[in-house]
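2 protein chains.
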Amino acid sequence: MNEQPKPPRGPQRLTLRDLAAHAGVSRATVSLVLAKSPLVAAKTRARVLESARVLGYVYNRGAANLRTRRTNTIGVSINELTNPYFTGLTSAIQKAFLALGRTVFLTDSEESVVQQDQFIATMREYNADGLAICPAQGTDVAAMQRLIEQAIPCVLISRDVPGSGLDYVGNANQHGMFMATEHLIKLGHRHIAMIGGTDRTSTGMERRAGHREALAAHGIALDEALVVQGPPTRVFGAATVRALLERDPAPTAAVCFNDVIAFGVMLGLRQIGREAGRDFAVVGYDDLAEAALWTPGLSTVEIDSHRTGTEAARLLLERIEEPNLPARRVVLQPRLIIRDSSCPPRA
Amino acid sequence: MNEQPKPPRGPQRLTLRDLAAHAGVSRATVSLVLAKSPLVAAKTRARVLESARVLGYVYNRGAANLRTRRTNTIGVSINELTNPYFTGLTSAIQKAFLALGRTVFLTDSEESVVQQDQFIATMREYNADGLAICPAQGTDVAAMQRLIEQAIPCVLISRDVPGSGLDYVGNANQHGMFMATEHLIKLGHRHIAMIGGTDRTSTGMERRAGHREALAAHGIALDEALVVQGPPTRVFGAATVRALLERDPAPTAAVCFNDVIAFGVMLGLRQIGREAGRDFAVVGYDDLAEAALWTPGLSTVEIDSHRTGTEAARLLLERIEEPNLPARRVVLQPRLIIRDSSCPPRA
DNA sequence: TTTGCAATATAGAACGATCCAAATATAAGA
DNA sequence: TCTTATATTTGGATCGTTCTATATTGCAAA
Numbered sequence: 000m001n002e003q004p005k006p007p008r009g010p011q012r013l014t015l016r017d018l019a020a021h022a023g024v025s026r027a028t029v030s031l032v033l034a035k036s037p038l039v040a041a042k043t044r045a046r047v048l049e050s051a052r053v054l055g056y057v058y059n060r061g062a063a064n065l066r067t068r069r070t071n072t073i074g075v076s077i078n079e080l081t082n083p084y085f086t087g088l089t090s091a092i093q094k095a096f097l098a099l100g101r102t103v104f105l106t107d108s109e110e111s112v113v114q115q116d117q118f119i120a121t122m123r124e125y126n127a128d129g130l131a132i133c134p135a136q137g138t139d140v141a142a143m144q145r146l147i148e149q150a151i152p153c154v155l156i157s158r159d160v161p162g163s164g165l166d167y168v169g170n171a172n173q174h175g176m177f178m179a180t181e182h183l184i185k186l187g188h189r190h191i192a193m194i195g196g197t198d199r200t201s202t203g204m205e206r207r208a209g210h211r212e213a214l215a216a217h218g219i220a221l222d223e224a225l226v227v228q229g230p231p232t233r234v235f236g237a238a239t240v241r242a243l244l245e246r247d248p249a250p251t252a253a254v255c256f257n258d259v260i261a262f263g264v265m266l267g268l269r270q271i272g273r274e275a276g277r278d279f280a281v282v283g284y285d286d287l288a289e290a291a292l293w294t295p296g297l298s299t300v301e302i303d304s305h306r307t308g309t310e311a312a313r314l315l316l317e318r319i320e321e322p323n324l325p326a327r328r329v330v331l332q333p334r335l336i337i338r339d340s341s342c343p344p345r346a
Numbered sequence: 000m001n002e003q004p005k006p007p008r009g010p011q012r013l014t015l016r017d018l019a020a021h022a023g024v025s026r027a028t029v030s031l032v033l034a035k036s037p038l039v040a041a042k043t044r045a046r047v048l049e050s051a052r053v054l055g056y057v058y059n060r061g062a063a064n065l066r067t068r069r070t071n072t073i074g075v076s077i078n079e080l081t082n083p084y085f086t087g088l089t090s091a092i093q094k095a096f097l098a099l100g101r102t103v104f105l106t107d108s109e110e111s112v113v114q115q116d117q118f119i120a121t122m123r124e125y126n127a128d129g130l131a132i133c134p135a136q137g138t139d140v141a142a143m144q145r146l147i148e149q150a151i152p153c154v155l156i157s158r159d160v161p162g163s164g165l166d167y168v169g170n171a172n173q174h175g176m177f178m179a180t181e182h183l184i185k186l187g188h189r190h191i192a193m194i195g196g197t198d199r200t201s202t203g204m205e206r207r208a209g210h211r212e213a214l215a216a217h218g219i220a221l222d223e224a225l226v227v228q229g230p231p232t233r234v235f236g237a238a239t240v241r242a243l244l245e246r247d248p249a250p251t252a253a254v255c256f257n258d259v260i261a262f263g264v265m266l267g268l269r270q271i272g273r274e275a276g277r278d279f280a281v282v283g284y285d286d287l288a289e290a291a292l293w294t295p296g297l298s299t300v301e302i303d304s305h306r307t308g309t310e311a312a313r314l315l316l317e318r319i320e321e322p323n324l325p326a327r328r329v330v331l332q333p334r335l336i337i338r339d340s341s342c343p344p345r346a
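As given, the protein sequences belong to chains A and B, one line each in that order.
Those letters in the first sequence? Residues 0 to 346, by numbering that gives the first Met the number 0.
Those letters in the second sequence? Residues 0 to 346, by numbering that gives the first Met the number 0.
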């Protein structure tokens, strides 16, 4: 029943062959048991599983992947994990894939295209079934198009790379920022700064466009000096609002690229003895858990990051099954949340 | 020169064999080139590399790992990526391993022992060379000991699992919190709350012990009611300080398990019209970038997370080389940073 | 020439799983 | 009891590398 005696081996790793010998069946049978095939008799299955338990067998996924072409593995590259919005999103993405039986390998590209490319190359070498990417700033369209040529399934999350032809899940950034700005206009503000965001990400371009669009829609001239690009950090928000308030005419309100910057703005106001929601109106974007906690509570635009994650997982798995699908785009609707940081202008 | 004609193959993945055929050399030679072996002539090497470029060859790491036993891969499991301290630490860890030529596979266990175990099992199946773990709350000693039995190199980071016998890199938490508490005592405080931390992590136990130790060292009786365990969130910090201030005697100061809780405390104070650094003294732990930015600036205990990451990488790689080393512990010294949130008690 | 010795290149057997076609065991029907 | 159909099990080839032992080449010295 056994196969030819194996050559003497050292304290090698335990293999299917050892398991087969112990259970008194063939390798093929063990393989079937491990794959939960219904073809094998219940009694045999039990015996094999018992042997596996007793011997402490560890399945070698690498060896299996060599034969099958599937690895059930997804590479996830996130542009910046220190940003709480992206950690929340990451958690959602991971959960979604895990629920569908995939292993997730995560990396933080730290807004570095080099690190991102590195990760993509590694995942290719490891035969990942697909990639989910929040592209780093300055990601090259050509690099993304290459993924298509190379036939490696990929979905872009949160940030788009226009012209890449990849699947995409994000939210209506322009519309979100339009709502935020219009909200301030309706409160009576006329000098509304746009703090943060850059033209190096689609999110930045779209949100900045939303601000401009709202001003235009209400016949308010855009004061370029009140539009400041910059990184999504508290430090930047604080420094920028202080600088803007020294101008004349000074803004009476600001929409911020995201909540982190808005928190920075509120901290910056306090540094110069002013208070958001009383002396100056602030609106953020993302609706981090922290937003509701501040005094005043931060008005902001909510994104459903859970939904973003599950949609991304769905799109990617569908593409893995069906590589020739046309490119699909899922754009979720954001929601304006009004709290106390957005007040009317002081008289 | 070529080997026997290969059977007709579909649009298969490009392999060493194809590369060899194209360059007119043997598979073995190509393998040597790819491994940067000095044994192959410069001219041959160039020819092979050119073929690789032209054909768009992708190295199959899985296949290689099957033969060699090394994967140059490290699994990193972090308990909670939404906590900025851990994202910073993660970034440091990742950088340290990358610099040493290892690929890092990251996961966020989200404080779930189940997810953590899942990840460990997966990394075993993928033959990772080693693991770096910030253990989830409630991690079982036995589970960690099993890693030793199974001879899988592992280093614990930040949180210890006493009795596990694993290598460990962390900081002197008890001493750090001792300094923080003593600082408040010297300012004149006698009712000092300890907010946050739990006995389900070593970090929690150690920091909580530091608070008690400082009180005892200065002959101050411990008021158990002022010691509140809880999760490291802003919400918890805010709610807890509000509750504590309704007691009699109320605390006049608090040391917090970490900065996030301290921020929560400052937000909570503001919700009831009080101000940290004026009406109530607050000290945090971690020294997040945000700490210096608040008004008042947050007094806190600084941890060198960069150093933590590099030390962890060093320990792990040493153990991979030399599995039978005795267990080693690296405990870094934290530093008290005094800003404006820690004021004397109001008269 | 021939020989000796580096310097290079190669064939073929692993590594640990899967999968296919074929063999065997079991049960049911005549 | 003998077929025949069905349920299980299995050998051997295969996936894409690496590695060892062996073969080939080129060149200087004899």
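Think of the CB as a built atom: it goes at the ideal place given N, C-alpha and C, for glycine as much as any other residue.
Check whether chain A comes within 9 Å of K289 of chain B, counting only Cβ atoms and requiring the distance to be less than that. Within the second sequence, numbered from 1, the residue matching residue 289 of chain B stands at position 290. Inspection of the sequence shows that residue 289 of chain B is occupied by Glu rather than by Lys. Yes, contact with chain A.
What are the complete beta strand (DSSP E) segments, minimum 3 residues, inside the segment 137-218 of chain A? 153-156, 166-170 and 191-194
Leaving aside the five residues before and after F256 of chain B along the sequence, list all residues of the same chain whose C-beta is less than 7 Å from its C-beta, in chain order. Within the second sequence, the letter at position 257 stands for residue 256 of chain B. Excluding residues within five positions, the ones whose Cβ falls inside 7 Å are I194, G195, G196, G203, R206, P231 and Y284.
Roughly how many angstroms lie between the CA atoms of Q117 of chain B and L146 of chain B, to the nearest whole one? The residue you call residue 117 of chain B lines up with position 118 of the second sequence. The residue you call residue 146 of chain B lines up with position 147 of the second sequence. Rounded to whole angstroms, Q117 of chain B to L146 of chain B spans 13 Å at the Cα level.
Quick one: grab the DSSP three-state call for A288 of chain B. Indexing the second sequence from 1 puts residue 288 of chain B at position 289. Note: A288 of chain B maps to helix in three-state DSSP.
On the DSSP bridge assignment, give the partners of I119 of chain A in chain order. Here the question's residue 119 of chain A lines up with position 120 in the first sequence. For I119 of chain A, which the question treats as bridged, DSSP gives no partner whatsoever.
Is the segment 55-67 of chain A touching the segment 118-128 of chain B in the sense that three or more CB pairs, one from each, lie closer than 8 Å? yes
Measuring alpha carbon to alpha carbon, tell me which of B:V47, B:T14 and B:A216 ends up nearest T28 of chain B. In the second sequence, counting from the first residue as 1, residue 28 of chain B sits at position 29. The shortest Cα separation from T28 of chain B among B:V47, B:T14 and B:A216 belongs to B:V47.
Hey, which unbroken runs of the alpha helix (DSSP H) at 4 residues or more fall wholly within the segment 75-109 of chain B? 83-98
7 Å Cβ cut-off: residues of chain B touching P322 of chain A: For the purposes of this step, residue 322 of chain A is taken as residue 323 along the first sequence, with counting starting at 1. Within 7 Å Cβ-Cβ: nothing; P322 of chain A doesn't reach chain B, min ~12 Å.
Quick check on this structure: which residue in A:T67, A:V53, A:A22 and A:R273 has the alpha carbon closest to the alpha carbon of A34 of chain A? One-based indexing of the first sequence puts residue 34 of chain A at position 35. Among A:T67, A:V53, A:A22 and A:R273, the Cα nearest to that of A34 of chain A is on A:T67.
Amino acids of chain B, ordered along the chain, whose beta-carbon sits closer than 8 Å to that of Y125 of chain A: Within the first sequence, residue 125 of chain A is the residue found at index 126, counting from 1. Result: R60 and G61.
Hey, does P230 of chain B have any beta-carbon neighbour from chain A nearer than 9 Å? For the purposes of this step, residue 230 of chain B is identified with residue 231 of the second sequence, where counting begins at 1. Output row for P230 of chain B: interface = no.
Could you round the C-beta distance between F262 of chain A and G236 of chain A to whole angstroms and report it? I think they count as a contact, below 8 Å. Working through the first sequence from its first residue, we reach residue 262 of chain A at position 263. Working through the first sequence from its first residue, we reach residue 236 of chain A at position 237. Rounded, the Cβ-Cβ distance is 7 Å, consistent with contact.
Is A192 of chain A closer than 9 Å to L243 of chain A when the C-beta atoms are compared? On the first sequence, residue 243 of chain A is found 244 positions in, with the first residue counted as 1. On the first sequence, residue 192 of chain A is found 193 positions in, with the first residue counted as 1. Going by beta carbons, L243 of chain A and A192 of chain A fall inside the 9 Å limit.
G129 of chain B by DSSP, collapsed to three states: which one? As a first step, residue 129 of chain B is located in the second sequence; it is residue number 130 there, counting from the start. G129 of chain B falls in the strand class under three-state DSSP.
If the cut-off is 9 Å on Cβ atoms, which residues from the segment 236-252 of chain B count as contacting chain A, listed in chain order? A237
Could you work out which residues of chain A lie near G276 of chain B, taking near to mean beta carbons separated by less than 8 Å? Counting from one through the second sequence, the residue named residue 276 of chain B turns up at place 277. Within chain A, no residue has its CB atom less than 8 Å from the CB of G276 of chain B, the nearest being about 12 Å off.
Specify whether the segment 327-336 of chain A and the segment 302-312 of chain A touch according to this definition: at least 3 beta carbon pairs, one from each stretch, less than 8 Å apart. The answer is yes - the segment 302-312 of chain A touches the segment 327-336 of chain A, with three or more Cβ pairs under 8 Å.
So is N64 of chain B in contact with chain A if we call contact Cβ pairs under 9 Å? By one-based count along the second sequence, residue 64 of chain B stands at place 65. Using a Cβ-Cβ cut-off of 9 Å, N64 of chain B counts as an interface residue toward chain A, since at least one Cβ of chain A sits closer than that to its own.
Since I believe R233 of chain A is in contact with L266 of chain A (beta carbons under 8 Å), could you give me their beta-carbon distance rounded to a whole number of angstroms? For the purposes of this step, residue 266 of chain A is taken as the residue at position 267 of the first sequence. For the purposes of this step, residue 233 of chain A is taken as the residue at position 234 of the first sequence. The Cβ separation is near 6 Å, so the contact holds.
When you compare the CB of S90 of chain B with every CB in chain A, is at least one pair closer than 9 Å? One-based indexing of the second sequence puts residue 90 of chain B at position 91. Contact with chain A is found for S90 of chain B, since one of that chain's Cβ atoms lies less than 9 Å from the residue's Cβ.
Between the alpha carbons of V113 of chain B and W293 of chain B, how many angstroms are there, rounded? Walking along the second sequence from the start, residue 113 of chain B turns up at place 114. Walking along the second sequence from the start, residue 293 of chain B turns up at place 294. Rounded to whole angstroms, the gap between the alpha carbons of V113 of chain B and W293 of chain B is 37 Å.
Give me the DSSP bridge partner(s) of C342 of chain B. As a position in the second sequence, residue 342 of chain B is number 343, starting the count at 1. DSSP lists no partner for C342 of chain B.
Residues of the segment 35-58 of chain A in Cβ contact with chain B at a cutoff of 9 Å, in chain order, please. G55, V57 and Y58
Listed by chain order, chain A residues near R101 of chain B by CB distance under 9 Å: Numbered from 1 along the second sequence, position 102 holds the residue referred to as residue 101 of chain B. Chain A residues near R101 of chain B: none, gap ~11 Å exceeds 9 Å.
One question on the structure: do A312 of chain B and A98 of chain B come within less than 9 Å of each other, judged by their Cβ atoms? Your numbering for residue 312 of chain B matches position 313 in the second sequence. Your numbering for residue 98 of chain B matches position 99 in the second sequence. Yes. Within cutoff.
Hey, L183 of chain B and S341 of chain B: beta-carbon distance below 9 Å or not? Against the second sequence, residue 183 of chain B aligns to sequence position 184. Against the second sequence, residue 341 of chain B aligns to sequence position 342. Their beta carbons are under 9 Å apart, which means L183 of chain B touches S341 of chain B by this criterion.
If I follow the unbroken beta strand (DSSP E) through A253 of chain B, where does it start and stop? Residue numbering aside, residue 253 of chain B sits at position 254 when the second sequence is read from its first letter. For A253 of chain B, the enclosing beta strand (DSSP E) stretches over residues A252 to C255.
If you draw a straight line from the alpha carbon of A326 of chain B to that of L105 of chain A, how long is it in whole angstroms? Position 327 of the second sequence, counting from 1, holds the residue named residue 326 of chain B. Position 106 of the first sequence, counting from 1, holds the residue named residue 105 of chain A. The straight-line gap from Cα to Cα measures roughly 29 Å.
If you follow the alpha helix (DSSP H) that E311 of chain A is part of, which residue opens it and which one closes it? Stepping through the first sequence from its first residue, residue 311 of chain A is reached at position 312. The sequence shown places Ala at residue 311 of chain A, rather than the Glu named in the question. Start and end: S304 to E320.
Just by C-beta distance, which residues in the segment 329-344 of chain A are closer than 8 Å to chain B? Result list empty, no residue passes.
Segment limits, beta strand (DSSP E) that includes R334 of chain B: Looking up residue 334 of chain B in the second sequence gives position 335. Start and end: R334 to I336.
Chain-ordered residues of the segment 258-272 of chain B with a beta carbon less than 8 Å from chain A: Hits within the stretch, in order: G263, L266, R269 and Q270.
Measuring alpha carbon to alpha carbon, tell me which of B:I156, B:E110, B:E223 and B:G129 ends up nearest T138 of chain B. Residue numbering aside, residue 138 of chain B sits at position 139 when the second sequence is read from its first letter. Among B:I156, B:E110, B:E223 and B:G129, the Cα nearest to that of T138 of chain B is on B:E110.
My understanding is that A135 of chain A touches S108 of chain A, with C-beta atoms under 8 Å, so please give their C-beta distance in whole angstroms. To locate residue 135 of chain A, count along the first sequence from 1; it is residue 136. To locate residue 108 of chain A, count along the first sequence from 1; it is residue 109. About 5 Å separates the beta carbon of A135 of chain A from that of S108 of chain A, a gap short enough to meet the 8 Å contact definition.
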